[in-house]
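Contents: one structure, followed by commentary.
Number of protein chains: 2
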Amino acid sequence: MSKQTTEMLKGVLEGIVLAILSSRPAYGYEITAWLREQGFTDIAEGTVYALLVRVEQRGLVDVEKVPSEKGPPRKVYSLNAQGHDYLSEFWRTWSFLTDRLSQLQPGEK
Amino acid sequence: MSKQTTEMLKGVLEGIVLAILSSRPAYGYEITAWLREQGFTDIAEGTVYALLVRVEQRGLVDVEKVPSEKGPPRKVYSLNAQGHDYLSEFWRTWSFLTDRLSQLQPGEK
DNA sequence: CCCCGCTATTCAGTGTTACTATCTACTGGT
DNA sequence: ACCAGTAGATAGTAACACTGAATAGCGGGG
Chain Y
129 MSKQTTEMLK GVLEGIVLAI LSSRPAYGYE ITAWLREQGF TDIAEGTVYA LLVRVEQRGL
189 VDVEKVPSEK GPPRKVYSLN AQGHDYLSEF WRTWSFLTDR LSQLQPGEK
Chain Z
129 MSKQTTEMLK GVLEGIVLAI LSSRPAYGYE ITAWLREQGF TDIAEGTVYA LLVRVEQRGL
189 VDVEKVPSEK GPPRKVYSLN AQGHDYLSEF WRTWSFLTDR LSQLQPGEK
């Protein structure tokens with residue numbers, strides 16, 4: 129992945145993952161696979177796990193261990209009330225950014 | 129500024145500054161003032177100067193020293209050919225992100 | 001004259017984040 | 001016993017925006 133993409137993901141990736149969790153609970157491996165399908169081809173697995181640990185420690189998600197048929201138990205994350213608040217704030221910030229950038233973007237040709 | 133905004137700015141602020149420079153040459157103090165008018169109320173001055181040094185070192189901008197009526201000489205930056213290429217790449221990456229995020233954003237109520 | 005305010009730039013140190021690379025652990029099939 | 005696939009954890013690194021301070025030039029007021 130380009131360095132540009134990497135830097136732009138900082139802060140944004142967290143919002144993306146929380147947005148996914150707002151629609152349904154999910155676990156790390158599943159989220160990584162979904163991101164790759166969506167075109168984030170080179171998201172490292174470790175990145176998603178580390179991100180999930182961070183949001184858990186900040187109390188934005190609830191965690192439940194669910195035994196898996198294959199492999200170790202899954203840690204299924206779901207967005208809690210505080211997480212929803214945080215996600216709302218994320219969308220506000222995101223809208224602010226997209227507004228400013230759309231003004232700067234040259235007319236498409 | 130919220131920590132959220134700070135983190136989301138990473139990588140994006142650079143694109144914003146380059147976009148400004150693509151429309152006209154400018155110097156650091158001026159860019160900072162403009163950003164503040166646009167609602168980036170708490171952009172630290174040091175941040176913009178550090179960013180300009182980085183893009184200069186990567187050869188994306190040309191620099192010219194221009195004496196100022198008040199205060200020390202200004203370093204006026206302008207986007208060069210390589211900078212334009214880089215900026216195009218930035219817009220592609222930005223479009224990719226906005227596409228993915230617009231899919232995730234809940235229908236506005 | 002000297003200090004203050006404004007303009008303008010620079011720099012050292014800090015925290016957060018995504019990356020790389022590696023490691024552990026559990027299951028099923030050969 | 002071994003291996004592939006699933007699932008998660010962790011140590012170390014690089015990049016970037018922030019804080020806070022310092023530097024420097026010019027004008028005007030006391």
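Protein sequences appear in the order of chains Y and Z. Residue numbers for the first sequence follow this note's numbering, so the first one is 129 and each next one is one higher. Residue numbers for the second sequence follow this note's numbering, so the first one is 129 and each next one is one higher. Glycine is no exception: its CB is placed at the ideal position from the N, C-alpha and C atoms.
According to DSSP, is residue i helix, strand or coil?
{"i": "Ala172 (chain Y)", "result": "coil"}
{"i": "Ile130 (chain Y)", "result": "First, the residue type needs correcting, since residue 130 (chain Y) is Ser and not Ile in the sequence shown. Here Ser130 (chain Y) sits in coil by DSSP."}
{"i": "Ser196 (chain Y)", "result": "coil"}
{"i": "Gly167 (chain Y)", "result": "coil"}
{"i": "Gly143 (chain Z)", "result": "helix"}
{"i": "Gln185 (chain Z)", "result": "helix"}
{"i": "Gln231 (chain Z)", "result": "helix"}
Could you give the C-beta distance for residue i and residue j, rounded to a whole number, given that I count them as a contact under 8 Å?
{"i": "Trp219 (chain Y)", "j": "Gln132 (chain Z)", "result": "Actually they do not touch by this definition, with Cβ atoms about 11 Å apart."}
{"i": "Gln185 (chain Y)", "j": "Arg228 (chain Z)", "result": "In fact, because the Cβ distance is near 26 Å, the residues do not count as touching under 8 Å."}
{"i": "Gly139 (chain Z)", "j": "Lys138 (chain Y)", "result": "6 Å"}
{"i": "Thr134 (chain Z)", "j": "Thr226 (chain Y)", "result": "That pair is no contact at about 17 Å."}
Residues in the same chain with beta-carbon distance under 6 Å from residue i, minus the five sequence neighbours each way, listed in chain order, please.
{"i": "Gly143 (chain Z)", "result": "Phe218"}
{"i": "Pro195 (chain Y)", "result": "Pro201"}
{"i": "Val204 (chain Z)", "result": "Pro153, Tyr155, Glu192 and Val194"}
{"i": "Tyr214 (chain Z)", "result": "Leu188"}
{"i": "Leu163 (chain Z)", "result": "Ile171"}
{"i": "Val183 (chain Z)", "result": "Val189"}
Within 10 angstroms of the Cβ of residue i, are there 16 or more other Cβ atoms? Answer buried if so, exposed if not.
{"i": "Gly187 (chain Z)", "result": "exposed"}
{"i": "Ala154 (chain Y)", "result": "buried"}
{"i": "Ala209 (chain Z)", "result": "exposed"}
{"i": "Ala172 (chain Y)", "result": "exposed"}
{"i": "Val181 (chain Z)", "result": "exposed"}
{"i": "Thr221 (chain Y)", "result": "buried"}
{"i": "Gly199 (chain Z)", "result": "exposed"}
{"i": "Lys237 (chain Y)", "result": "Residue placement at Lys237 (chain Y) cannot be trusted, given a pLDDT of 44 that sits under 50; what the coordinates show is reported in the next sentence. That one is exposed."}
What residues are listed by DSSP as bridge partners for residue i?
{"i": "Ser110 (chain Y)", "result": "The shown model of chain Y, from 129 to 237, leaves out residue 110 (chain Y), and the question about it has no answer."}
{"i": "Ala154 (chain Z)", "result": "Z:Tyr205"}
Which same chain residues end up closer than 7 Å to residue i when comparing Cβ atoms and leaving out the 5 residues on each side of it in sequence?
{"i": "Leu179 (chain Y)", "result": "Leu141, Glu142 and Val145"}
{"i": "Ser206 (chain Z)", "result": "Leu149, Pro153, Val189 and Asp190"}
{"i": "Ile159 (chain Y)", "result": "Val145, Ile148 and Val176"}
Could you name the residues of the same chain whose beta carbon sits closer than 8 Å to that of residue i, not counting the 5 residues immediately before and after it, in chain order?
{"i": "His212 (chain Z)", "result": "Ser150"}
{"i": "Tyr157 (chain Z)", "result": "Glu173 and Arg202"}
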